[in-house]
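If you read the sequence shown in full-length UniProt numbering, its first letter stands for residue 1, the second for the next number, and so on.
Here a beta-carbon is modelled for each residue, glycine too, at the ideal position from N, C-alpha and C.
What follows is a set of notes on a single structure, which appears directly below.
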Amino acid sequence: MSGIGGIVYFDGQKSTRHLLIKMADAMNHRGPHGRAYLNRDNIGFVYLSLLNTPESKAAIQPRERKKDNLTIVFQGRLDNREEIYKATHLPLPFEESTDSDLILSAYLRWGTNCCCRLLGDFSFAIWDNTRRSLYCGRDHMGVMPFYYYHDNNLFAFASEIKGLLCLPQIRTDINKNRIADYLTCLITDSKSTFYSNIFRLPSGHDLTISGNSSFKIKTKHYGKFTPTVHNYKTGFEFQEHFRLLFTDAVRCRLRAINPIGAYLSGGLDSSTIVCTISALLQQELSSPLHTFSSVFNKTPKCDERKFISSIIERYSFVHHPEPLDDKSPGPVFDSMASREDEPFFAPFFISPWNLMKKAHQCKVRTLFDGHDGDSAISYGSGFLNELLYSGRLIRLIKECRAIGNNNTVQSTLRTLLRVTAGCCFSKLQFTGLRSPAQKTLVANNHLLNRSFAKETYVKERLLHESKLIGDKGLSERTIQQNAITHPRQQLALELFERQAAYFQINPVYPYFDKRIIEFCLGLPAEQKLSAGFNRRIVRESFKDILPGSIRLRKEKTYFNASLNKGFLKTDRKWFYFNLDTMNEAIYDYINLQKFQNICEKLKSNPENAALDELCFILRCLSFSKWLSLEGGLKN
1 MSGIGGIVYF
11 DGQKSTRHLL
21 IKMADAMNHR
31 GPHGRAYLNR
41 DNIGFVYLSL
51 LNTPESKAAI
61 QPRERKKDNL
71 TIVFQGRLDN
81 REEIYKATHL
91 PLPFEESTDS
101 DLILSAYLRW
111 GTNCCCRLLG
121 DFSFAIWDNT
131 RRSLYCGRDH
141 MGVMPFYYYH
151 DNNLFAFASE
161 IKGLLCLPQI
171 RTDINKNRIA
181 DYLTCLITDS
191 KSTFYSNIFR
201 LPSGHDLTIS
211 GNSSFKIKTK
221 HYGKFTPTVH
231 NYKTGFEFQE
241 HFRLLFTDAV
251 RCRLRAINPI
261 GAYLSGGLDS
271 STIVCTISAL
281 LQQELSSPLH
291 TFSSVFNKTP
301 KCDERKFISS
311 IIERYSFVHH
321 PEPLDDKSPG
331 PVFDSMASRE
341 DEPFFAPFFI
351 SPWNLMKKAH
361 QCKVRTLFDG
371 HDGDSAISYG
381 SGFLNELLYS
391 GRLIRLIKEC
401 RAIGNNNTVQ
411 STLRTLLRVT
421 AGCCFSKLQF
431 TGLRSPAQKT
441 LVANNHLLNR
451 SFAKETYVKE
461 RLLHESKLIG
471 DKGLSERTIQ
481 QNAITHPRQQ
491 LALELFERQA
501 AYFQINPVYP
511 YFDKRIIEFC
521 LGLPAEQKLS
531 AGFNRRIVRE
541 SFKDILPGSI
551 RLRKEKTYFN
561 ASLNKGFLKT
571 DRKWFYFNLD
581 TMNEAIYDYI
591 NLQKFQNICE
601 KLKSNPENAA
611 LDELCFILRC
621 LSFSKWLSLE
631 GGLKN
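This is the structure we're talking about:
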């Protein structure tokens, strides 16, 4: 993906190009097709180019519209181009209108309310010289990144934190609360970073800065999802509408000048994307679709080839299976640590990392990903709560029976008891009772050095967050709203985007299309869960193009065994060498005794390593490497 950056002074100081060059050098991997700078008095913008869409070939950025005193720098993809073009009466032929042209026209038409009119993945900054103000925006889900820094004199922004750390004016004080949250696996906000003075613009937010030496920053949440109001009476009507929306969400992301690729895991989400492209949109491709799958010859419980093969046999595309059994995760971890500006948490990232590497070799620049279609569509678990609350007990028992794969009385009773207990438990939260998941999260407080935990008040945040865990007793819409808007979504997308940028790849997520999310938020719960099948709307809408083995699949594959094998067997030497050579500063943050106990457990019984304990050690390793690298506490 391309990259953007900029500096705006509000004290009369002039912008200088050498600082923009520093920013571009730091993010050089984002601009394989060149870079451009613009200096005008107190502002300086930089653009790093990755040509991907037809419009990007004609785009000149940073873009000036002199007659309106506007300058823009933009990265991303606008999906409702024709709608914006017609609404803003842009005085250019549609075919010659770039995405940045359309966003400038949207700003002229709607001002700082323009972001809610835009569909796509984007982040941008517009300098309005008439108003002496800067307006910045980020897409609804946060697919495109935007980081910023400000003090009394300047505002600086960039696609990556490294684009800010290179500036001499930037203070790099460490955010200890963020460190405590990270080490305890706590994700509570979408704004903070590991640096106290560097921030994210949260997904679905815009930002306006105006004034002179005492400028003010105003942030607005424009991107709240509004559930679609449905008046349909039959399941077929819901399914037809969803099929049209999803097909269009895939189609608008096919706008590319290079080969298109897609992950193909064998799960429902990625399979639906590949089948939609292959069966419904094949004529819109200029070259064959490439698909990429991780396969496991020696870890059969992680292997999904029996599902993948059912699609390969039905459709024509270029398939690339990548064996993962003997791939060493250590070098991938080291590579990510050297590139990341913050400690990262991505235990299973070796799979997409290797697949992106292969996609890059195939000259793919747009890569479809079914990431977390579970949250976008929803499993429909809240339907069971709604059945209980409404007294529809016969239907509830039927659904509980259908959910269990073996349909036994024991399985049915177990599911029924879980739903009933969850609904009752939600009414008793004030008693101080906690579920096992809540107890586990709160117990993470003991992973930290006691004085550090006390200094950062992490226990209080863990207690607060624990009350929000799970879907016990909640309505289906509330469960889905909580899942799709959780800060973890933005953090995951940022990590994927940064790593993809090194492979000159633009990841796209049709399930995270705003129209899809709002449609599903408005769906009746039984369109998501029925007869034991979750995500029913997807299964029924595409039943003519999805292989039956995938459409009727209930079980989900987990890759814990592959993770354990990779770090504790295949790369055992790397793992324990890195543990032995960790930056000693880490012991000011973690509970040393707890850390050593977990290490001993992993060493003595690697086959049965607990996922949460291995993940804690991996977080410690990432944090230690960050401490040792330029940009960590060394500053």
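For residue i, three-class secondary structure by DSSP
i: Lys472; result: coil
i: Asp11; result: coil
i: Thr431; result: Note that Thr431 scores 49 on pLDDT, short of 50, meaning its location in the model is unreliable and no value can be drawn from it.
i: Phe333; result: helix
i: Ser278; result: helix
i: Asp325; result: coil
i: Phe199; result: strand
i: Val409; result: helix
i: Glu190; result: Position check: residue 190 holds Ser in this sequence, whereas Glu was assumed. DSSP places Ser190 in coil when its eight states are reduced to three.
i: Asp206; result: strand
i: Phe146; result: coil
i: Arg77; result: strand
i: Thr219; result: strand
i: Leu154; result: strand
i: Leu167; result: coil
i: Gly448; result: According to the sequence displayed, residue 448 carries Leu and not Gly. Looking at Leu448 - three-state DSSP - the assignment turns out to be strand.
i: Gly3; result: strand
i: Asp571; result: coil
i: Ile161; result: coil
i: Met27; result: coil
Bridge partners - residue i, DSSP secondary structure assignment
i: Thr291; result: Ala262 and His319
i: Glu64; result: Thr71
i: Phe348; result: Paired residue(s): none; Phe348 is not in a bridge.
i: Tyr39; result: One detail in the question is off: residue 39 reads as Asn in this sequence, not Tyr. Answer is Gly44, bridged to Asn39.
i: Thr366; result: Ile260 and Asn506
i: Ile174; result: Tyr195
i: Ile590; result: Leu448
Distance CB(residue i)-CB(residue j) smaller than 7 Å
i: Tyr222; j: Cys136; result: no
i: Arg171; j: Ser192; result: no
i: Ala500; j: Pro507; result: yes
i: Ala158; j: Gly5; result: yes
i: Ala525; j: Gly422; result: no
i: Phe225; j: Glu460; result: no
i: Asn385; j: Gly473; result: yes
i: Ala262; j: Phe348; result: no
i: Ser203; j: Gln490; result: yes
i: Leu50; j: Gln504; result: yes
i: Asp79; j: Gly120; result: yes
i: Arg17; j: Tyr47; result: no
i: residue 649; j: Asp11; result: Any property of residue 649 remains undetermined from this structure, which presents the chain solely from 1 to 635.
i: residue 636; j: Leu621; result: The requested residue 636 is not part of the displayed model; the chain covers only 1 to 635.
i: Lys358; j: His320; result: yes
i: Ser100; j: Tyr85; result: no
i: Leu462; j: Leu441; result: yes
i: Leu118; j: Arg515; result: no
i: Pro227; j: Gly522; result: yes
i: Phe155; j: Ile209; result: yes
Give a yes or no on contact between the region 159-168 and the region 535-554, applying the rule of three or more CB pairs nearer than 8 Å. Because the criterion of three Cβ pairs below 8 Å is not met, the region 159-168 and the region 535-554 do not touch.
Mind pulling the beta strand (DSSP E) runs of 3 or more residues that sit fully within the region 484-555? 506-508
The region 250-264 / the region 274-281 touching (three or more Cβ pairs under 8 Å): yes
In the region 94-143, which residue ranges form an unbroken beta strand (DSSP E) of at least 3 residues, counting only runs that do not cross its ends? 120-128 and 133-138
On the three-pair Cβ rule with 8 Å, is the region 522-530 touching the region 53-61? No, the region 522-530 does not touch the region 53-61.
Would the region 104-113 and the region 67-75 be scored as touching if the rule is three or more Cβ pairs under 8 Å? yes
Touching or not, the region 492-504 and the region 477-484, by the rule of three or more beta carbon pairs under 8 Å? no
I want to know whether the region 550-561 touches the region 261-271 - three or more CB-CB distances under 8 Å. yes
Whether or not the region 563-575 and the region 604-616 are in contact is what I'm after, with contact meaning three or more pairs of Cβ atoms, one per stretch, closer than 8 Å; do they touch? yes
Does the region 308-320 come within contact of the region 289-300, defined as at least 3 CB pairs closer than 8 Å? yes
contact_flag[the region 152-165, the region 24-32] where n(CB pairs < 8 Å) is 3 or more: yes
Per the contact definition of three or more C-beta pairs closer than 8 Å, is the region 615-627 in contact with the region 326-338? Segments in contact, yes.
Can you find at least 3 beta carbon pairs, one from the region 579-593 and one from the region 447-460, that sit closer than 8 Å? yes
With three or more C-beta pairs closer than 8 Å as the rule, is the region 196-206 touching the region 179-187? no
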